[in-house]
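As structure tokens, the structure follows; a few thoughts come after it.
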Amino acid sequence: MTHEYIDLQTVAHVQGAVRLPGSKSISNRILLLSALSQGDVAIVDLLASDDTAVMLAALRSLGVQWTEEKTATGTIHHVKGVAGVLPNKSADLFMGNAGTAIRPLTAALAVIGGDYTLHGVPRMHERPIGDLVDALNAAGTNVEYTGNPGFPPLHIKQGKIHAQRLSVRGDVSSQFLTALLMVAPLMAREHAITIDVIGELISKPYIEITLNLIRRFGVTVGQNGWESFTIEPGQVYQSPGAIHVEGDASSASYFLAAGAIAGGPVRVEGVGKDSIQGDVRFAAALEQMGVQITMGDNWIEAKSNGVLKAIDADFNHIPDAAMTIAIAALYADGTSTLRNIASWRVKETDRIAAMATELRKVGAIVEEGSDYIKVTPPAVITPATIDTYDDHRMAMCFSLVSLDGAARKGNVMRINDPKCVGKTFPEYFAAFAAIAK
Ligand SMILES: O=C(O)C1=C[C@@H](OP(=O)(O)O)[C@@H](O)[C@H](O)C1
Ligand SMILES: C=C(OP(=O)(O)O)C(=O)O
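Residue numbers (full-length UniProt numbering): 1 to 437.
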């Protein structure tokens, strides 16, 4: 942890428009699908952040060629697909703390086979991957733990897929199912492959993103509810030519919440009503809190009179954006409860514990359980020094606590280690400053 911090003066009003960076979830999926496909792919507006940098670096280490072209309107990444045949049969890959990189890459490398090691930052070595490794190894791959069983680092050797039916637990992270779905066409060379989901699948909208993008690369997945998925044999990923990355709907949540807390209107551009990201449903949660939301094809806008209604709801479908609701709850007219969010505990940090600790610093009364958090707002928000636990979302969420019409002028919120936003949104604090009037 660095000792850097940023001091945010309290402000009473926000207004303006923000152009969102690309979606992390879409960017990393498209990068891997492009590498696995036949033909060249031109990716427009890929997210530039730590999580995509580790994926790009890994692809380069594996011998996948890509170049970046700067244009007047943005960037285009050109990826040369290798159709599932990686030029480099061995590599040591640093995955940072990017779940969307390590989980699908582990599946791809395990199925393709070779001699690969994958590791990350210390927290990555505490984030579960056992359900994915179990599913893969039961099907014939050869993945070993080199540290603690169930967690990275991993050593992948040559295996041989013999199963036509795989099962994976869905209740710890949806990324395990995403990873298997992405590599299923590589396994279904001669026989169909069926993937059964064991336990209640969490974070379902992320599976919808996966299925949508797999389809864009020419592969059809048969779906039996959320219980099983079948990939018919002989399907090969084909380049869609050019593919555009939507703005990040989770990143949008901070600006929409700002509009909700401090008047607005605040408009985010790059994501709208046709988005394939589940996190656009954050806007519906704000509506329930009394915020006025309008949406276009490529934008969402929030405005309010600053008085928010408390909310009690299940947030399993939007685990990332739900953190922003926990902050909006500070400005509500009563106690809010966010339910069914157990996955918060195994992300960049234990987010239920971190959120509870930091909300208490600004005066909230917080109750936490294994899978819920209950927030009662204080009469006045107390200025505080906020720790961010190397979690980009903690830093972005707590920037919002500087929005306070009732605060004494000159009050300051200090956010420690603000650079952790680099995981998904390196320019976050500049974008936030631009709407704080
Ligand atoms: O598949 C994805 O792109 C993601 C799935 C979610 O994780 P879980 O499925 O672990 O909840 C989400 O929290 C993460 O930021 C991105
Ligand atoms: C949980 C997150 O990331 P990851 O993709 O590493 O799981 C997140 O961005 O909030």
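Idealized CB from N, CA, C, for every residue including glycine.
Requested in this report: With a threshold of 7 Å, establish whether the CB of residue 130 neighbours any heavy atom of ligand 1.
Outcome: no
Report task. Counting only runs of 3+ residues fully inside the stretch 40-106, write out the beta strand (DSSP E) ranges in chain order. Result -> 40-44, 66-70, 75-80, 90-94
Query raised in the report: Can you name, in chain order, every residue of its own chain whose Cβ lies under 7 Å from the Cβ of residue 287, other than the five neighbours on each side?
Result: 293
Query - Boundaries (first-last residue) of the alpha helix (DSSP H) holding residue 320 - result: 319-328
Query raised in the report: Which partner residues of residue 229 appear in the DSSP bridge assignment?
Result: 195, 223
Report task. State the Cα-Cα distance for the pair residue 173 and residue 130, rounded to the nearest angstrom. Result -> 11 Å
Report task. Note down the Cα distance separating residue 1 from residue 7, rounded to an integer number of angstroms. Result -> Residue placement at residue 1 is poorly supported in this model, since its pLDDT is 49, which falls under 50; the coordinates are not used for a value here.
Requested in this report: Return the Cβ separation of residue 259 and residue 298 in integer angstroms, given the expectation that the two are a contact with Cβ distance under 8 Å.
Outcome: With a Cβ gap of about 17 Å, residue 259 and residue 298 do not count as contacting.
**Report entry** Proximity to residue 438 [Cα-Cα], best of 437, 389, 38
**Finding:** Since the first residue of the chain shown is 1 and the last is 437, residue 438 is not available in this structure.
Requested in this report: Go ahead and pull the three-state DSSP assignment for residue 190.
Outcome: coil
Query raised in the report: Buried or exposed: where does residue 305 fall if 16 or more other Cβ atoms within 10 Å of its Cβ makes it buried?
Result: exposed
Query raised in the report: Going by beta carbon distance, what residues of the same chain come within less than 7 Å of residue 320, once the five residues before and after it are set aside?
Result: If we look at residue 320 and ignore the five residues flanking it on each side, its Cβ neighbours are 250, 279, 393.
Requested in this report: Tell me where the alpha helix (DSSP H) around residue 205 begins and ends.
Outcome: It spans 204-216 - the alpha helix (DSSP H) in which residue 205 sits, taken as one unbroken run.
Query raised in the report: Applying the criterion that 16 or more other CB atoms from any shown protein chain within 10 Å of the CB defines a buried residue, is residue 374 buried or exposed?
Result: Under this definition residue 374 is a buried residue.
Query - Where the beta strand (DSSP E) through residue 119 begins and ends - result: 115-119
Query raised in the report: Can you give, in chain order, each stretch of the alpha helix (DSSP H) that sits fully within the stretch 264-298 and has at least 4 residues?
Result: 282-288
Query raised in the report: What does a CB cutoff of less than 6 Å around residue 416 pick up in its chain, not counting 5 residues either side in sequence?
Result: The residues are 5, 387, 388.
Query raised in the report: Could you check where the alpha helix (DSSP H) with residue 347 kicks off and where it finishes?
Result: Here residue 347 belongs to no alpha helix (DSSP H), and DSSP marks it neither H nor E.
Query raised in the report: Taking the Cβ atom as the reference point for each residue, do residue 106 and residue 154 lie within a distance shorter than 8 Å?
Result: yes
Query raised in the report: Near residue 376, which residues of its chain fall below 7 Å by C-beta distance, leaving aside the five closest residues on each side in sequence?
Result: Listed in chain order, the non-local C-beta contacts of residue 376 below 7 Å within the same chain comprise 335, 364, 365, local neighbours out to five positions each way being set aside.
Query raised in the report: Cβ of residue 120 versus every heavy atom of ligand 2: is any distance shorter than 7 Å?
Result: No, ligand 2 has no heavy atom inside 7 Å of this Cβ.
Query raised in the report: How long is the line joining the alpha carbons of residue 76 and residue 46, rounded to whole angstroms?
Result: Going from the Cα of residue 76 to the Cα of residue 46 covers about 7 Å.
Query raised in the report: For residue 144, which residues from the same chain have a beta carbon less than 6 Å from its beta carbon, with the 5 sequence-adjacent residues on both sides left out?
Result: 155
Query - 7 Å CB neighbourhood of residue 430 in its chain, flanking five on each side removed - result: none
Query - The alpha helix (DSSP H) enclosing residue 394, as first and last residue numbers - result: 392-399
Query raised in the report: Between the stretch 215-227 and the stretch 133-142, are three or more C-beta pairs nearer than 8 Å?
Result: no
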